[in-house]
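The opening residue of the sequence shown carries number 382 in this note's numbering; numbering runs sequentially from there. Positions of the beta carbon are idealized from the N, C-alpha and C atoms, including for glycine.
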Amino acid sequence: MTQNTYIHSYIKIENNEIVLDGETIFKIEPTDFGDFSKQAYRNFEMQYPKFFKMDALSKLAFLGAELLLSPITSSEAENNIALVLANKSSSLDTDVKYQESISDKKNYFPSPAVFVYTLPNICLGEISIRHQLKSENSFFIFEAFNPEFMSNYSNILLNSNKADTVLCGWVEFFNDSYKAFLCTISSKENTKYINETINTLYIK
Numbered sequence: 382m383t384q385n386t387y388i389h390s391y392i393k394i395e396n397n398e399i400v401l402d403g404e405t406i407f408k409i410e411p412t413d414f415g416d417f418s419k420q421a422y423r424n425f426e427m428q429y430p431k432f433f434k435m436d437a438l439s440k441l442a443f444l445g446a447e448l449l450l451s452p453i454t455s456s457e458a459e460n461n462i463a464l465v466l467a468n469k470s471s472s473l474d475t476d477v478k479y480q481e482s483i484s485d486k487k488n489y490f491p492s493p494a495v496f497v498y499t500l501p502n503i504c505l506g507e508i509s510i511r512h513q514l515k516s517e518n519s520f521f522i523f524e525a526f527n528p529e530f531m532s533n534y535s536n537i538l539l540n541s542n543k544a545d546t547v548l549c550g551w552v553e554f555f556n557d558s559y560k561a562f563l564c565t566i567s568s569k570e571n572t573k574y575i576n577e578t579i580n581t582l583y584i585k
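Set out below in structure tokens:
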């Protein structure tokens, strides 16, 4: 029996601004993503020092996930939250940096710290470690945000009881251009976004 699923909360991060459930909760003057991410981390008093070692894509995904998941995760219980993310550029931003570290044969200095992040799904691992998640997780590459696929995939996970909640969305980062859109979906009834879909919230 297929059960209804509901969007519970959503977040957008782009252009030096973080919008949670339609309300701006953090915004600063134009700066690069590195500075923006540090200021956001400190503003929300996040306590996860490893954040500063992450690549930009992982920082972007981590910020969004942290603000959505922290209110609902508990260290005292297992959180059956699936992660379903996608983007266009994969980990290309980090791949380019790594390639630069090995392209000069006279100054050949491959960086293990950068190499770690040359797969896009590493950001899923960072979120899973932070929130102690052992549930399903997938990272897809699309030319553009594919809300129908993301919604259908999330609904399958919920209806097959592989997850109680799904964090899904889009995290794109390349050449300091970035956009994150994440939302939480579950079968628990919620009337707040009853007339909204992943796509309508994404394009708002």
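May I ask you to report which of helix, strand or coil DSSP gives residue i?
i: K431; result: helix
i: K419; result: helix
i: K440; result: helix
i: I409; result: coil
i: I510; result: helix
i: E395; result: strand
i: I584; result: helix
i: I537; result: helix
i: S451; result: coil
i: E529; result: helix
i: N576; result: coil
i: L505; result: helix
i: F425; result: coil
Per DSSP, residue i forms a beta bridge with which residues?
i: A467; result: F521, W551
i: K560; result: E553
i: E404; result: L401
i: T546; result: I462, S567
i: Y387; result: S567
Mind reading off the beta-carbon distance from residue i to residue j? Whole number of angstroms is fine, and I expect it under 8 Å.
i: A463; j: L563; result: Not really, about 13 Å apart at Cβ, beyond 8 Å.
i: A525; j: K469; result: 7 Å
i: L449; j: C549; result: The pair is not a contact, with the Cβ atoms about 11 Å apart (cut-off 8 Å).
i: F414; j: D557; result: 5 Å
i: L438; j: V552; result: 6 Å
i: N576; j: Q513; result: Not really, about 34 Å apart at Cβ, beyond 8 Å.
i: T578; j: S532; result: 7 Å
i: R511; j: Y429; result: 6 Å
i: F425; j: N397; result: That belief does not hold up - the Cβ atoms of F425 and N397 are roughly 15 Å apart, past 8 Å.
i: E517; j: L538; result: 6 Å
Is the CB-CB distance between residue i and residue j below 8 Å?
i: I392; j: A421; result: no
i: S519; j: Q384; result: no
i: F443; j: E507; result: yes
i: T405; j: N536; result: no
i: K584; j: I388; result: This sequence places Ile at residue 584; Lys is not what is there. Result no, Cβ atoms of I584 and I388 do not sit closer than 8 Å.
i: Y559; j: E395; result: yes
i: P501; j: S472; result: yes
i: F554; j: L401; result: no
i: P528; j: N580; result: yes
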